[in-house]
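S.K.: Going by this note's numbering, the letters in the sequence shown line up with residues 2 to 387, in that order.
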Amino acid sequence: MFFPRLPRTFTRKFHKAENKRERTIQGSFLIAVPSGSKITEIYPKRVSLGEVLIDSGALRILAPVNGVATLTEDGTHFQIKQDGVWKTSSPFQNRNYSFAEVLEKFVEGALASLDFPNLSLLKLFSSFSPEDHFKIVISPFTRYNHLSFDEMILTEMKEPLDLFLLLLKSTFPKAEILSHIDSGKIPYSHPLGIPEFFIHKTTGENIPFVNEQIQNNRILFLGPETIYHILRSLYYDEPFTRRHLSVCLVDKKGRMDTESRQFLLTNGQSLDFIRQNNDKRYKVASFQSMFDSVNALDINSLGNFNIYEHYLLLLYERLPVVRNEFACIDCNECNTYCPTNANPFALVKKRFEDFEKESCIECGICTVYCPSGIDIRSRIIEVKGF
2 MFFPRLPRTF TRKFHKAENK RERTIQGSFL IAVPSGSKIT EIYPKRVSLG EVLIDSGALR
62 ILAPVNGVAT LTEDGTHFQI KQDGVWKTSS PFQNRNYSFA EVLEKFVEGA LASLDFPNLS
122 LLKLFSSFSP EDHFKIVISP FTRYNHLSFD EMILTEMKEP LDLFLLLLKS TFPKAEILSH
182 IDSGKIPYSH PLGIPEFFIH KTTGENIPFV NEQIQNNRIL FLGPETIYHI LRSLYYDEPF
242 TRRHLSVCLV DKKGRMDTES RQFLLTNGQS LDFIRQNNDK RYKVASFQSM FDSVNALDIN
302 SLGNFNIYEH YLLLLYERLP VVRNEFACID CNECNTYCPT NANPFALVKK RFEDFEKESC
362 IECGICTVYC PSGIDIRSRI IEVKGF
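(1) Could you name the residues of the same chain whose beta carbon sits closer than 7 Å to that of Ser180, not counting the 5 residues immediately before and after it, in chain order?
(2) Does the beta-carbon of Pro372 have 16 or more other beta-carbons within 10 angstroms, so that it is buried, or is it exposed?
(3) What are the boundary residues of the beta strand (DSSP E) that includes Phe264?
(4) For Glu334, which residues from the same chain have a beta carbon less than 6 Å from its beta carbon, with the 5 sequence-adjacent residues on both sides left out?
(5) Please classify Gly37 as buried or exposed, where buried requires at least 16 neighbouring CB atoms within 10 angstroms.
(6) If you draw a straight line from the C-alpha of Asp163 to the C-alpha of Asp252, how long is it?
(7) Pick out whichever of Ser127, Ile362, Ile300, Gly386 has its Cα sitting closest to the Cα of Phe198.
(8) So is Ala70 buried or exposed if we call it buried at 16+ other beta carbons inside 10 Å?
(9) What ranges does the alpha helix (DSSP H) occupy inside the segment 183-268, keeping only unbroken runs of at least 4 residues that lie completely in it?
(10) Please identify the residue among Ser190, Phe264, Gln277 whose C-alpha is closest to the C-alpha of Ile308.
(11) Does chain C have any CB closer than 8 Å to the CB of Phe356?
(12) If Gly269 and Asn325 are in contact, beta carbons under 8 Å, what's the gap, nearest whole angstrom?
(13) Kindly indicate which three-state DSSP category Tyr309 falls into: helix, strand or coil?
(14) Based on DSSP bridge pairs, tell me the residues matched to Gln83.
(15) Report, in whole angstroms, the separation of the C-beta atoms of Ser234 and Lys124, which I expect to be a contact under 8 Å.
(16) Closest to Leu31 by C-alpha separation, out of Val66, Pro192, Leu60, Asp183, would be which residue?
(17) Would you mind giving the Cβ-Cβ distance between Gly365 and Phe288, rounded to the nearest angstrom? I have them listed as a contact below 8 Å.
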């Protein structure tokens with residue numbers, strides 16, 4: 002299938018080792034204030050790159066640039082107008098850290114787990130003690146493997162990765178470290194990017210046991226995008242103010258072009274440049290994958306980049322088809338494709354007690370492959386919410 006090649010500015014790849022200069026669109030940045038957060042500072046005020054705008058308890062939001070920050074009239078967004086010097090390089094610095102210093106860097110850089118929602122790395126790492134016996138599982142895959150972060154790390158930051166692995170060993174001497182980021186032996190297929198399923202496949206433990214181990218701090222899971230930002234913070238002094246956005250194209254027949262298109266974007270940056278540089282045939286967008294419940298947007302209404310929510314963008318030639326639900330034809334396809342044998346077919350037949358909800362990882366496969374268009378995903382969410 003041929004897909005039109007987008008302009009060079011639209012398809013700029015990850016920076017090369019010999020060219021560390023990063024260019025992002027400058028100007029005005031709009032950052033949402035987390036719901037329920039209290040703002041104690043008086044605005045407008047001048048802010049510096051990395052300065053704390055708000056600490057919501059779960060996550061900290063930093064100023065992405067030097068400039069003047071104001072609050073919108075309704076108090077729901079920070080608006081920052083850049084007027085300072087733009088940092089274009091972050092040289093590698095070989096450093097040794099104590100555990101306390103690592104936690105301090107996590108706080109300073111506002112680092113968050115990009116594998117689990119609304120979880121700061123400070124809270125995640127503070128849950129583990131150097132005296133404890135547990136497993137540290139390092140995965141080569143993000144949730145949908147939208148970008149090859151393992152390749153980025155091994156190509157651009159192999160030395161920092163080795164330093165970080167040594168740091169983990171010295172910080173947690175009794176932990177068993179299972180690093181798969183450089184193994185190259187595991188081919189990706191969905192849902193290997195989901196933490197519980199990856200641990201299940203690589204250790205042989207069942208999903209309920211894996212979930213219990215994660216919740217009881219017996220497993221520390223680190224995905225490659227989380228590792229990427231840890232390395233940028235510890236060894237390049239970069240706060241978490243930028244993140245990669247992967248862009249995929251979907252044609253009229255629903256076929257996806259998987260050619261890698263990516264941007265390293267700044268938090269709060271306008272996404273209007275995507276519309277301006279985009280092939281005019283792509284008029285609909287979504288920040289959800291095909292395995293999620295898709296919230297379709299007009300390409301003129303993409304808004305601003307949110308580093309905690311945006312990592313994948315699908316551009317469609319036409320509005321994704323909303324399938325009508327038909328009666329179940331007893332094909333058992335949902336059970337056939339279920340990677341954890343959770344028996345989603347039981348939900349279709351309303352035998353709720355037969356559904357193995359503890360084994361379900363909400364991967365969306367059963368809904369995608371249902372020929373009757375039954376929204377099994379919503380039934381799973383409803384049952385697991387009880």
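For glycine and all other residues, C-beta sits at the position ideal for the given N, C-alpha and C. As the structure is a computational prediction, the values presented were derived from the model and not from experiment.
M.R.: From the atom records:
(1) Sequence index remark: in the sequence shown, residue 180 carries index 179 (1-based). Answer for Ser180: Ile139, Leu166, listed in chain order.
(2) Numbered from its first residue, the sequence shown carries residue 372 at position 371. Per the 10 Å Cβ criterion, exposed.
(3) Locating residue 264 in the sequence shown gives position 263, where the first residue counts as 1. That run of the beta strand (DSSP E) goes 263-267.
(4) To locate residue 334, count along the sequence shown from 1; it is residue 333. Taken in chain order, the residues that qualify are Tyr370.
(5) Taking the sequence shown and counting its residues from 1, the one referred to as residue 37 is at position 36. Its Cβ having fewer than 16 others within 10 Å, Gly37 is exposed.
(6) Here residue 163 is taken as the residue at index 162 of the sequence shown, counted from 1. Here residue 252 is taken as the residue at index 251 of the sequence shown, counted from 1. Rounded to the nearest angstrom, the two C-alpha atoms are 42 Å apart.
(7) Position 197 of the sequence shown holds residue 198. Residue Ile362 is the option with its Cα nearest to Phe198.
(8) By 1-based counting over the sequence shown, the position of residue 70 is 69. Looking at its Cβ environment, which holds 16 or more other Cβ atoms inside 10 Å, Ala70 is buried.
(9) 196-204, 208-216, 225-237
(10) For the purposes of this step, residue 308 is identified with residue 307 of the sequence shown, where counting begins at 1. Of Ser190, Phe264, Gln277, the residue nearest in Cα terms is Phe264.
(11) Structure shown: chain C not included; a single protein chain is present.
(12) Taking the first residue of the sequence shown as 1, we reach residue 269 at position 268. Taking the first residue of the sequence shown as 1, we reach residue 325 at position 324. So it is not a contact: roughly 39 Å between Cβ atoms.
(13) In the sequence shown, residue 309 corresponds to position 308, counting from 1. Three-state result, Tyr309: coil.
(14) Taking the sequence shown and counting its residues from 1, one reaches residue 83 at position 82. Gln83 pairs with Gly68.
(15) Taking the sequence shown and counting its residues from 1, one reaches residue 234 at position 233. Taking the sequence shown and counting its residues from 1, one reaches residue 124 at position 123. Separation of the CB atoms of Ser234 and Lys124 is rounded to 16 Å, and the pair is thereby denied contact status at 8 Å.
(16) Residue 31 sits at position 30 when you count from the first residue of the sequence shown. Of the listed residues, the one whose Cα sits closest to Leu31 is Val66.
(17) Position 364 of the sequence shown, counted from the first residue, corresponds to residue 365. Position 287 of the sequence shown, counted from the first residue, corresponds to residue 288. Not really, about 15 Å apart at Cβ, beyond 8 Å.
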